[in-house]
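Residue numbers (my numbering), protein chains in the order written: chain S, 1 to 256; chain P, 1001 to 1182.
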Ligand SMILES: Nc1ncnc2c1ncn2[C@@H]1O[C@H](COP(=O)(O)OP(=O)(O)OP(=O)(O)O)[C@@H](O)[C@H]1O
Ligand SMILES: [Mg+2]
């Protein structure tokens, strides 16, 4: 037990220690985005990897969350199980919170871990040094392209996830809870509020930055062979998912 | 006025913590000169080379390549000075997500407009001098033997005919005959 607390303490300490460096790292990679050359091929392969190959897992999780939301609302609030209430709760929770957070966590596990491991391996096997000697700035070639890819891909995933999630709620509401499909759809459209969507997309954007920057940072600064690669991967997934779950609170607070 | 050297290293010192690896190294090389550095394992040969490649910042001293001090200058000048250098690393350091020919022509294909066929031909002409088979062009570094990786790394270093070449243990991992022929 003490060991666990010890570990948590150590992790959070090093997280704070790294915070300044990570901010600098972010600005650096952002800066290099606007300098020539732009490595389009790198960007494209990263974008496809995040946007396209994460679709199944993001779709599946948001679909089931939409379904469970409808079910929970129905059984939890006895007096409010009409079309209007259920559709409103499903819609707002998905748009504001569940869509972005679920997509963020899924991408964090899938893509963040991969980015960290890939870049850490390149670091410990001198491939990053080799890039430098081949007149290619590693920051621009590896990090900026990944940053841009996730800044675009995560909001895209959230958008798709939102639609699938709301659809999941609709399925349960009409097929399992026997609500009126037309009424449900009309009240979903009535309850749509673009501010909710924007809030979710801003979260997605922030999560995209968090995932790519955190993973790349720990990968880029990895040292010490295979163990170092493992360490970089673990710490980046832990840090990024923690940051996702904390930052969503602060972004929500901005909108209240 | 003294003659201009291609590489001028003055008072180069590197230490990691209290561990002094290089202590006031002086080194001068002019064009067409070659130098072999031999030393005990762990004596700092690779560290010296990393300094010369501009990867490791020394604690003290200066390194001038073609007149530009790569230690105490801005990033752009340093990048320009290092453009003319080809290097290999002790462990090869090939990009394992790229095929052999992509590795070899990495520097050229980076910019747009260098087509695939020309790049492959160029890679082929280089590896033939290194006694490598043309079948390996489409393979990934992990599918090569250690010595083959080493030779591909050399091919990558010499691909754009740089003025200066730094090799870190180019012949380790090669059999004596292959090593000698190259
Ligand atoms: N990043 C580093 N951090 C701390 N110490 C280092 C680092 N890199 C190298 N050293 C130390 O510097 C010394 C010289 O290392 P270097 O790799 O230059 O040796 P070498 O002469 O190339 O040896 P070999 O012939 O085995 O390749 C070693 O004692 C090593 O422990
Ligand atoms: Mg060495």
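A virtual CB, placed ideally from N, CA and C, is assigned to each residue, including glycine.
Residue 126 (chain S): contacting residues in chain P (beta-carbon distance under 7 Å)
Counted from its first residue, the first chain places residue 126 (chain S) at position 126. Ordered by position in chain P, the residues that pass the 7 Å Cβ test against residue 126 (chain S) are 1089, 1091, 1093.
Against chain S, does residue 1106 (chain P) count as a neighbour if the rule is that its beta carbon must be under 7 Å from one of theirs?
The sequence position of residue 1106 (chain P) within the second chain is 106, counting from 1. With 7 Å as the cut-off, residue 1106 (chain P) counts as an interface residue toward chain S.
Residue 33 (chain S) and residue 131 (chain S) look like a contact to me (Cβ under 8 Å); what is the Cβ gap, rounded to whole Å?
On the first chain, position 33 is the one that residue 33 (chain S) refers to. On the first chain, position 131 is the one that residue 131 (chain S) refers to. Actually they are not in contact, since the Cβ atoms of residue 33 (chain S) and residue 131 (chain S) sit about 17 Å apart, beyond 8 Å.
Looking at the unbroken alpha helix (DSSP H) that takes in residue 1086 (chain P), where does it start and where does it end?
Position 86 of the second chain, counted from the first residue, corresponds to residue 1086 (chain P). Unbroken run through residue 1086 (chain P) is the beta strand (DSSP E), 1085-1088; no alpha helix (DSSP H).
Nearest-angstrom Cα distance between residue 142 (chain S) and residue 111 (chain S)?
Start at 1 with the first residue of the first chain, and residue 142 (chain S) comes out as number 142. Start at 1 with the first residue of the first chain, and residue 111 (chain S) comes out as number 111. Cα to Cα, the separation comes out at about 14 Å.
Straight-line CA distance for residue 216 (chain S) to residue 1137 (chain P)?
Residue numbering aside, residue 216 (chain S) sits at position 216 when the first chain is read from its first letter. Residue numbering aside, residue 1137 (chain P) sits at position 137 when the second chain is read from its first letter. Cα-Cα distance, rounded: 30 Å.
CA-CA distance, residue 1112 (chain P) and residue 114 (chain S)?
Start at 1 with the first residue of the second chain, and residue 1112 (chain P) comes out as number 112. Start at 1 with the first residue of the first chain, and residue 114 (chain S) comes out as number 114. Low local confidence applies: a pLDDT of 47 at residue 1112 (chain P) is under 50, so the model's placement there is unreliable, with the coordinate-based value given in what follows. Taking the straight line joining both Cα atoms gives about 28 Å.
Distance cut-off 6 Å: residue 1021 (chain P) Cβ against heavy atoms of ligand 1
For the purposes of this step, residue 1021 (chain P) is identified with residue 21 of the second chain, where counting begins at 1. Yes.
Quick check on this structure: which residue in P:1066, P:1099, P:1090, P:1134 has the alpha carbon closest to the alpha carbon of residue 1150 (chain P)?
Position 150 of the second chain holds residue 1150 (chain P). Checked all of P:1066, P:1099, P:1090, P:1134; the closest Cα to residue 1150 (chain P) is P:1090.
Terminal residues of the beta strand (DSSP E) in which residue 1064 (chain P) lies:
Residue mapping note: residue 1064 (chain P) aligns to position 64 of the second chain, counting from 1. Start and end: 1060-1065.
If you scan the region 1003-1042 of chain P from start to end, which runs of the beta strand (DSSP E) of 3 or more residues do you find wholly inside it?
1007-1016, 1019-1029
I want to know whether the region 1048-1067 of chain P touches the region 1127-1144 of chain P - three or more CB-CB distances under 8 Å.
no
My output table needs one value for residue 1071 (chain P): the three-state DSSP class, helix, strand or coil.
Your numbering for residue 1071 (chain P) matches position 71 in the second chain. Three-state result, residue 1071 (chain P): coil.
Proximal chain S residues relative to residue 1083 (chain P), where beta-carbon distance stays under 9 Å
Position 83 of the second chain holds residue 1083 (chain P). Within chain S, the residues near residue 1083 (chain P) are 135.
Interface partners of residue 49 (chain S) on chain A, CB under 8 Å:
Structure shown: chain A not included; protein chains present are S and P.
Rounded to whole angstroms, how far is the Cβ of residue 244 (chain S) from the Cβ of residue 101 (chain S), which I believe are closer than 8 Å?
Reading the first chain from its first residue, position 244 is the one you call residue 244 (chain S). Reading the first chain from its first residue, position 101 is the one you call residue 101 (chain S). Residue 244 (chain S) to residue 101 (chain S), Cβ: 7 Å. Contact.
Would the beta-carbon of residue 1045 (chain P) be found less than 6 Å away from any heavy atom of ligand 2?
For this step, residue 1045 (chain P) is matched to residue 45 along the second chain. It does: the Cβ of residue 1045 (chain P) is within 6 Å (strictly closer) of some heavy atom of ligand 2.
Taking the DSSP output, what are the residues bridged to residue 1165 (chain P)?
Against the second chain, residue 1165 (chain P) aligns to sequence position 165. Residue 1165 (chain P) is bridged to P:1086.
Keeping to the same chain, check which residues put their C-beta closer than 6 Å to that of residue 1077 (chain P); ignore five residues upstream and five downstream.
Here residue 1077 (chain P) refers to the residue found at position 77 of the second chain. Excluding residues within five positions, the ones whose Cβ falls inside 6 Å are 1068.
Residue 1110 (chain P) touches chain S at which residues, Cβ-Cβ below 7 Å?
Start at 1 with the first residue of the second chain, and residue 1110 (chain P) comes out as number 110. Per Cβ cutoff of 7 Å: 136.
Who are the neighbours of residue 1063 (chain P) on chain S, taking C-beta pairs under 9 Å?
Along the second chain, one-based indexing puts residue 1063 (chain P) at 63. Those within 9 Å of residue 1063 (chain P) in chain S number zero; the least Cβ separation is about 14 Å.
Does the region 70-78 of chain S come close enough to the region 22-32 of chain S to have 3 or more Cβ pairs within less than 8 Å?
no
Does the separation of the CB atoms of residue 212 (chain S) and residue 150 (chain S) fall below 7 Å?
Against the first chain, residue 212 (chain S) aligns to sequence position 212. Against the first chain, residue 150 (chain S) aligns to sequence position 150. In this structure, residue 150 (chain S) lies closer than 7 Å to residue 212 (chain S) by Cβ.
Does the beta carbon of residue 1148 (chain P) sit closer than 7 Å to a beta carbon anywhere in chain S?
In the second chain, the residue the question calls residue 1148 (chain P) occupies position 148. No, because no Cβ of chain S sits closer than 7 Å to the Cβ of residue 1148 (chain P).
Helix, strand or coil for residue 221 (chain S)? Go by DSSP, reduced to three states.
The residue given as residue 221 (chain S) occupies position 221 in the first chain. Correct three-state label for residue 221 (chain S): coil.
Nonlocal neighbours in the same chain, by C-beta distance under 8 Å from residue 1158 (chain P), ignoring five residues either side
Residue mapping note: residue 1158 (chain P) aligns to position 158 of the second chain, counting from 1. Excluding positions up to five away in sequence, the list reads 1086, 1126, 1165.
Please check the pair residue 219 (chain S) and residue 240 (chain S), which I expect to be a contact at CB under 8 Å, by giving their CB distance rounded to whole angstroms.
Counted from its first residue, the first chain places residue 219 (chain S) at position 219. Counted from its first residue, the first chain places residue 240 (chain S) at position 240. Incorrect: roughly 12 Å between the Cβ atoms, too far for contact.
Does the distance from the C-beta atom of residue 1160 (chain P) to that of residue 1049 (chain P) stay below 7 Å?
Taking the first residue of the second chain as position 1, residue 1160 (chain P) is located at position 160. Taking the first residue of the second chain as position 1, residue 1049 (chain P) is located at position 49. Not closer than 7 Å, so no.
Going by C-alpha to C-alpha distance, which of P:1117, P:1008, P:1074, P:1041 sits closest to residue 1026 (chain P)?
Mapped onto the second chain, residue 1026 (chain P) falls at position 26. Taking each of P:1117, P:1008, P:1074, P:1041 in turn and checking the Cα distance to residue 1026 (chain P), the smallest one comes out for P:1008.
So residue 123 (chain S) is in the alpha helix (DSSP H); what residue range does that whole segment cover?
Numbered from its first residue, the first chain carries residue 123 (chain S) at position 123. Residues 113-124.
Is the beta carbon of residue 50 (chain S) sitting closer than 7 Å to the one on residue 117 (chain S)?
Here residue 50 (chain S) corresponds to residue number 50 of the first chain, with the count starting at 1. Here residue 117 (chain S) corresponds to residue number 117 of the first chain, with the count starting at 1. Their beta carbons are not under 7 Å apart, which means residue 50 (chain S) does not touch residue 117 (chain S) by this criterion.
Quick one: measure Cβ to Cβ for residue 161 (chain S) and residue 228 (chain S), integer angstroms, because I've assumed they're closer than 8 Å.
Taking the first chain and counting its residues from 1, the one referred to as residue 161 (chain S) is at position 161. Taking the first chain and counting its residues from 1, the one referred to as residue 228 (chain S) is at position 228. Not a contact, Cβ separation roughly 34 Å.
Verify the CB distance criterion: does residue 149 (chain S) have a CB-CB separation below 7 Å to chain P?
As a working mapping, residue 149 (chain S) is identified with position 149 in the first chain. Cβ-Cβ to chain P under 7 Å: no for residue 149 (chain S).
Starting from residue 193 (chain S), follow the alpha helix (DSSP H) in both directions and report where the run begins and ends.
Start at 1 with the first residue of the first chain, and residue 193 (chain S) comes out as number 193. Careful: residue 193 (chain S) lies outside any alpha helix (DSSP H) and carries neither H nor E.
For a test of the three-state rule: what should DSSP assign to residue 82 (chain S), helix, strand or coil?
In the first chain, counting from the first residue as 1, residue 82 (chain S) sits at position 82. Reduced to three states, the DSSP call for residue 82 (chain S) is coil.
Contact set for residue 1023 (chain P): own chain, Cβ-Cβ below 6 Å, skip 5 residues either direction:
Stepping through the second chain from its first residue, residue 1023 (chain P) is reached at position 23. In the same chain as residue 1023 (chain P), and ignoring 5 residues on each side of it, the C-beta atoms closer than 6 Å to its own belong to 1013, in chain order.
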